[in-house]
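Step one of this worksheet: look at the structure below.
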Amino acid sequence: MIIDESMAKKIIIFTWKMNPSSLKEAEGLFNFVLEERNKNKNENFEIVVAAPFVYLSQLSSLIHQGRVKLAAQDVFYENQGAYTGEISPIMLKNLGVEYVIIGHSERRNYLNEKDEMINKKVKAALEAGLKVVLCVGELERESGVEEAKNYVNTQLEKDFNDISSMKYEVSKNLIVAYEPVWAISTTKNARICSPEEALEMIKFIKQTLNSKFHIPNSRVVYGGSVDGKNIESFIKYQDVDGALVGGASLKTEEVEKIIKLLT
Ligand code: PGA
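Count along the sequence shown starting at 1, add 61, and that's the number in this note's numbering.
In structure tokens:
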């Protein structure tokens, strides 16, 4: 797939979730991503690896020339203090972590993470100079596309509450990941979201960000069972700014296929 120079930079975020189980494996997988990225001379796309907190320090020492960026998979909303077990935006920033995923559906689901807290996290992370990947997406599609849009719209309104009053340039540092929960590979009876379904929602998200939050030119990526076989069908659209890849990011053959495609 040739990425047209005139198109905005596409971003591929590999998210490892709670994997792998040792630092040695994490380094091996990260080095593989680095090698594949270094074989590919195209600068017109960005590769980000979202790894568990415990590996970030070591992985940040492996980054060469910034051709692969690091992300955390969550962050707290205060910078320091008596918050046992939490990790702050400043800690991540000082470690060389550039991105943070906030509001992933698994955290919303298993940990009952609410929009109010997600909103605080988004603001604190942006304020610390991190780039935020906010995940939104409806739980099911049975009630139709308009219902799904309402659901996503409510998430955006709550998660970005007050964001337009912020001083700094938000749009540059904000990415939204549209992840329909029914299409995530680990969801029971997951169904594939068609590229057209994804595109329609992504356009809706962009319009909403522009009209309600005055965030023009926002980047919106797609996530949900993306792999080396289907990624092109999503990111070929100009409005789809990239992909958030979960399960496939742990398989070297899939990672290789995805990075090779972006030449
Ligand atoms: P998946 O995960 O690619 O395994 O569907 C995507 C995600 O949960 O971010």
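For each residue, glycine too, the CB sits at the ideal point set by N, CA and C.
Judged by the Cβ position, Glu240 qualifies as a neighbour of ligand 1 at the 7 Å threshold, a heavy atom of the ligand being closer than this. If only uninterrupted beta strand (DSSP E) runs of at least 3 residues are considered, those enclosed by the stretch 74 to 160 are 106 to 111 and 129 to 133.
When distances are taken from the beta-carbon of Val237 to the heavy atoms of ligand 1, even the shortest one reaches 7 Å or more. Beta-bridge analysis with DSSP links Gly303 to Ile72.
For Ala209, the shortest separation between its Cβ and any heavy atom of ligand 1 does not lie below 7 Å.
In this structure, Val197 and Tyr239 form a Cβ contact; the two beta carbons are roughly 6 Å apart against a cut-off of 8 Å. Taking one beta carbon from each stretch, the stretch 77 to 87 and the stretch 103 to 116 have 3 or more pairs nearer than 8 Å; the two touch.
Sorting Ala251, Asn211, Leu260 and Gln134 by C-alpha distance to the C-alpha of Val281 places Leu260 at the top. In this structure, Thr313 has its beta carbon at no less than 7 Å from each heavy atom of ligand 1.
In the three-state reduction of the DSSP assignment, Lys318 falls in the helix class.
In the three-state reduction of the DSSP assignment, Gly284 falls in the strand class. In this structure, the alpha-carbon of Asp302 lies about 12 Å from that of Asn105. For Tyr212, the enclosing alpha helix (DSSP H) starts and ends at Val206 to Asp220.
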